[in-house]
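Participant: Sharing a structure here in structure tokens format.
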Amino acid sequence: MIFVIWGIVFVVGIWIISTYNNLTALRLRVQNAWHQINVQLKRRYDLIPNLVETVKGYMQFEQDTLQKVIDARSKAMVSTGVKQAAEAQGALNESLGKVFALMENYPDLKSNKNVLDLQEELATTENQIAFARQYYNDLVTQYNTKRQVFPGNVIAGFFKFQPSEFFSAPEAEMALPKVNLSLQR
Amino acid sequence: MIDFAQRQVHNQRCSAALVGCFIVVFLIIGGAADYLYLDGFTPAGAPFPIATVFALGLATFTTLTAYYGGSGLILGSLGAEKLDIQIPEHRELRNIVTEMALASGSAMPQVYVIYDPAPNALATGTNEKNAAICVTTGLLTLLDREETQGVVAHEMSHIRNEDILLMTLVSILLGGIAILADFGQRGIYSARTGRRLGQKSPLIFLPLILLIALSPLIGRLLAMAVSRQREYLADAGAAQYTRNPGGLARALEKIRDAGIPFQKASRGTAHLFFTNPLRRRLDDSESGLANLLSTHPPIDRRIALLYEMAGLAKPAVRSLTA
Chain A
1001 MIFVIWGIVF
1011 VVGIWIISTY
1021 NNLTALRLRV
1031 QNAWHQINVQ
1041 LKRRYDLIPN
1051 LVETVKGYMQ
1061 FEQDTLQKVI
1071 DARSKAMVST
1081 GVKQAAEAQG
1091 ALNESLGKVF
1101 ALMENYPDLK
1111 SNKNVLDLQE
1121 ELATTENQIA
1131 FARQYYNDLV
1141 TQYNTKRQVF
1151 PGNVIAGFFK
1161 FQPSEFFSAP
1171 EAEMALPKVN
1181 LSLQR
Chain S
8 MIDFAQRQVH
18 NQRCSAALVG
28 CFIVVFLIIG
38 GAADYLYLDG
48 FTPAGAPFPI
58 ATVFALGLAT
68 FTTLTAYYGG
78 SGLILGSLGA
88 EKLDIQIPEH
98 RELRNIVTEM
108 ALASGSAMPQ
118 VYVIYDPAPN
128 ALATGTNEKN
138 AAICVTTGLL
148 TLLDREETQG
158 VVAHEMSHIR
168 NEDILLMTLV
178 SILLGGIAIL
188 ADFGQRGIYS
198 ARTGRRLGQK
208 SPLIFLPLIL
218 LIALSPLIGR
228 LLAMAVSRQR
238 EYLADAGAAQ
248 YTRNPGGLAR
258 ALEKIRDAGI
268 PFQKASRGTA
278 HLFFTNPLRR
288 RLDDSESGLA
298 NLLSTHPPID
308 RRIALLYEMA
318 GLAKPAVRSL
328 TA
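Residue numbers (the working numbering), protein chains in the order written: chain A, 1001 to 1185; chain S, 8 to 329.
See the structure below:
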């Protein structure tokens, strides 16, 4: 009889440890994915001044728009927290989208090799940010599901695992006009 | 969402089983050689089962080569080259691979190109950290950014699921089995062996001969058994990473309509590719036999499944003259 009880205690103990470790590992991956988004954002912050410098000479009459990009960039760089960051990023995206749309009016710009290179770099950075967010949200879904379904929720509740926040795309970003920057075939 | 951790465990088990089978096959063939040719395992024969030990050594050596140098050998045999970052298309490819690495949450693989007009792609390596993605220049010129992204996502999915481990091992070990089978066949048909065979009970060595004769087929079956399901799963994974099954579907359509076979691929490497480089009729069939013997699923079925994922109607069936 005593062996049976010890056996049950042992199995439950193993289960608690493995559930706890699973949740912790997943939480770390969520944090890591969040960090990945920031790496990509940093890349974009670095690219934006380059773009502005390159197109400045051509776009004499759009200084306002360019200034807006610079402002939005500095604002986004200091934002913290998932929600605030998402909003600041949305504003930056919107202003960048305007620049891309305006660039269509300047044929000289579209044939400039430097600008074309920068455009591909920015396009891929945009994509990379989007995919890093998507992966982050996938992980958050996985983590939050594990946290909430029985029997994992018992462990999560006992050890106080907090739910993670989704990175939701703000309205402004969803309305962003699609810019086709792919190479001509 | 595909549980890639489960797929990884599955693939690691399959790989371990494959290596186990491989070594056992070598041991049996070595033992058979000892028994038939060298009179081993009898008082009159050699005191030491030399062929068995040699076979074991060869098997170990091949396995280690396959594990540590497999991807290099494969890429070398296909003539893959490093990216030239000065070429805009190569830069775009590198960017696309970066995007898909982020989408799948894995490390950035090495990227190679093959200068060949046939549109195709493959992934190789043994784990996420030493993986490589290789794309032909034909694919880069044929497909637009979205479609290339779909193909790269498919290969990324192979990496994430650790299909590449099993695929790479199969490629190299398959070569090993074929070599040994050739030796075995030569031995059986020579007159000297015929005399020796008569002295021993046929019941014992008949299975051995069968094994020697069938070993190339066993190798083929292995390659076939592992591939079809994986391709469907990788397509699903690609749809998950890009959130755009249409891109991959269009890529498959373009590749199908281009219909250029990839000359550098051989039977040992065909199963690694995105679409079957050898273009065999069998691939278009969905029968049970084709399922067993073909390395790739029917391309039309893959396209239809992807359109279904995208929530679109099945595309018009291609006319036979196309």
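Note that the Cβ used here is the ideal one computed from N, Cα and C, for glycine as well.
What does the Cβ neighbour count give for Gln-1063(A), buried or exposed, with the cut at 16 atoms within 10 Å?
Facilitator: Counting from one through the first sequence, the residue named residue 1063(A) turns up at place 63. By the 10 Å Cβ count, Gln-1063(A) comes out exposed.
Participant: Would you list, in chain order, the members of the stretch 1081-1095 of chain A that have their beta-carbon closer than 8 Å to a beta-carbon of chain S?
Facilitator: Result list empty, no residue passes.
Participant: To the nearest whole angstrom, what separates the beta carbons of Val-1078(A) and Leu-1066(A), a pair I think is in contact under 8 Å?
Facilitator: Here residue 1078(A) corresponds to residue number 78 of the first sequence, with the count starting at 1. Here residue 1066(A) corresponds to residue number 66 of the first sequence, with the count starting at 1. In fact, because the Cβ distance is near 20 Å, the residues do not count as touching under 8 Å.
Participant: Taking the Cβ atom as the reference point for each residue, do Leu-313(S) and Ala-246(S) lie within a distance shorter than 8 Å?
Facilitator: As a working mapping, residue 313(S) is identified with position 306 in the second sequence. As a working mapping, residue 246(S) is identified with position 239 in the second sequence. Going by C-beta atoms, Leu-313(S) is nearer than 8 Å to Ala-246(S).
Participant: Could you tell me the distance, in whole angstroms, from the CA atom of Gly-201(S) to the CA atom of Leu-173(S)?
Facilitator: One-based indexing of the second sequence puts residue 201(S) at position 194. One-based indexing of the second sequence puts residue 173(S) at position 166. Because the pLDDT at Gly-201(S) is just 48, under 50, the model does not fix this residue reliably, and the value given afterwards should be weighed accordingly. The straight-line gap from Cα to Cα measures roughly 39 Å.
Participant: So, at 6 Å on beta carbons, what are the nonlocal neighbours of Gly-38(S) in its own chain, with the 5 sequence-adjacent residues on each side left out?
Facilitator: Translated into the one-based positions of the second sequence, residue 38(S) becomes position 31. Excluding residues within five positions, the ones whose Cβ falls inside 6 Å are Thr-59.
Participant: For chain S, find out if any of its Cβ atoms is closer than 8 Å to the Cβ of Gln-1128(A); answer yes or no.
Facilitator: Numbered from 1 along the first sequence, position 128 holds the residue referred to as residue 1128(A). Gln-1128(A) counts as touching chain S.
Participant: Taking its Cβ as the centre, do 16 or more other Cβ atoms sit within 10 Å of Tyr-75(S), making it buried, or is it exposed?
Facilitator: Taking the first residue of the second sequence as 1, we reach residue 75(S) at position 68. When all chains shown are included, Tyr-75(S) counts as exposed.
Participant: Taking only runs that begin and end inside the stretch 1065-1111 of chain A, name each unbroken alpha helix (DSSP H) of 4 or more residues, in chain order.
Facilitator: Counting only runs of 4 or more, we get 1082-1103, 1107-1111.
Participant: Tell me the residue span of the alpha helix (DSSP H) that contains Ile-1016(A).
Facilitator: In the first sequence, counting from the first residue as 1, residue 1016(A) sits at position 16. First-last of the alpha helix (DSSP H) with Ile-1016(A): 1002-1056.
Participant: Residues of chain A with CB closer than 8 Å to the CB of Glu-106(S), please, in chain order.
Facilitator: The residue given as residue 106(S) occupies position 99 in the second sequence. Ordered by position in chain A, the residues that pass the 8 Å Cβ test against Glu-106(S) are Thr-1124, Asn-1127, Gln-1128, Phe-1131.
Participant: Is Tyr-119(S) helix, strand or coil by DSSP?
Facilitator: By 1-based counting over the second sequence, the position of residue 119(S) is 112. Strand, per DSSP.
Participant: Checking the sheet assignment: what are the DSSP bridge partners for Cys-141(S)?
Facilitator: Mapped onto the second sequence, residue 141(S) falls at position 134. Looking at the DSSP assignment, Cys-141(S) forms a beta bridge with Tyr-119(S), Leu-129(S).
Participant: Taking C-beta to C-beta, are Arg-257(S) and His-303(S) nearer than 8 Å?
Facilitator: Position 250 of the second sequence, counting from 1, holds the residue named residue 257(S). Position 296 of the second sequence, counting from 1, holds the residue named residue 303(S). No, the Cβ-Cβ distance between Arg-257(S) and His-303(S) is not below 8 Å.
Participant: Closer than 6 Å by C-beta to Leu-285(S): which residues in its own chain qualify, once you throw out the five before and the five after it? Chain order, please.
Facilitator: Against the second sequence, residue 285(S) aligns to sequence position 278. Excluding residues within five positions, the ones whose Cβ falls inside 6 Å are Ala-277.
Participant: Alpha carbon to alpha carbon, how far is Leu-109(S) from Tyr-1135(A)?
Facilitator: To locate residue 109(S), count along the second sequence from 1; it is residue 102. To locate residue 1135(A), count along the first sequence from 1; it is residue 135. Rounded to the nearest angstrom, the two C-alpha atoms are 7 Å apart.
Participant: Shorter than 8 Å from the beta carbon of Arg-98(S) to some beta carbon of chain A?
Facilitator: Start at 1 with the first residue of the second sequence, and residue 98(S) comes out as number 91. For Arg-98(S), the answer is yes, since a Cβ of chain A falls inside 8 Å of its Cβ.
Participant: Show which residues of chain A have a CB atom less than 8 Å away from the CB atom of Arg-250(S).
Facilitator: Locating residue 250(S) in the second sequence gives position 243, where the first residue counts as 1. Simply Gln-1134.
Participant: Determine the closest residue to Thr-1054(A) out of Asn-1021(A), Lys-1068(A), Asn-1112(A), with distance taken between C-alpha atoms.
Facilitator: Position 54 of the first sequence, counted from the first residue, corresponds to residue 1054(A). The residue with the shortest Cα to Cα distance from Thr-1054(A) is Asn-1112(A).
Participant: Which residues, taken in chain order from the stretch 1034-1047 of chain A, show a beta carbon closer than 8 Å to some beta carbon of chain S?
Facilitator: So the close ones are Gln-1036, Gln-1040.
Participant: Which one of Glu-1121(A), Val-1069(A), Trp-1015(A), Met-1001(A) has the shortest CA to CA distance from Gln-1040(A)?
Facilitator: By one-based count along the first sequence, residue 1040(A) stands at place 40. Ranking Glu-1121(A), Val-1069(A), Trp-1015(A), Met-1001(A) by Cα distance to Gln-1040(A) puts Glu-1121(A) first.
Participant: Does any residue of chain S bring its CB to less than 8 Å from the CB of Gly-1152(A)?
Facilitator: The count along the first sequence starts at 1 and reaches residue 1152(A) at position 152. So, not an interface residue.
Participant: Once DSSP output is grouped into helix, strand and coil, what is the label at Lys-89(S)?
Facilitator: Within the second sequence, residue 89(S) is the residue found at index 82, counting from 1. DSSP places Lys-89(S) in strand when its eight states are reduced to three.
Participant: Hey, how far is the Cα of Asn-168(S) from the Cα of Leu-63(S)?
Facilitator: As a working note, residue 168(S) is residue 161 in the second sequence. As a working note, residue 63(S) is residue 56 in the second sequence. Using only the alpha carbons, I get a separation of about 30 Å.
Participant: Give me the Cα-Cα distance between Leu-331(S) and Ile-36(S), rounded to the nearest whole angstrom.
Facilitator: Because chain S spans 8 through 329 in this model, residue 331(S) falls outside it and cannot be assessed.
Participant: Taking the alpha carbon of Pro-1049(A) as the reference point, which residue from Ala-1072(A), Ala-1085(A), Asp-1108(A), Gln-1128(A) has its own alpha carbon closest?
Facilitator: To locate residue 1049(A), count along the first sequence from 1; it is residue 49. Comparing Cα positions, the closest option is Ala-1072(A).
Participant: For Arg-98(S), which residues of its own chain have a beta-carbon under 7 Å away from its beta-carbon, when the five flanking residues on both sides are left out?
Facilitator: To locate residue 98(S), count along the second sequence from 1; it is residue 91. Hits under 7 Å: Ile-92.
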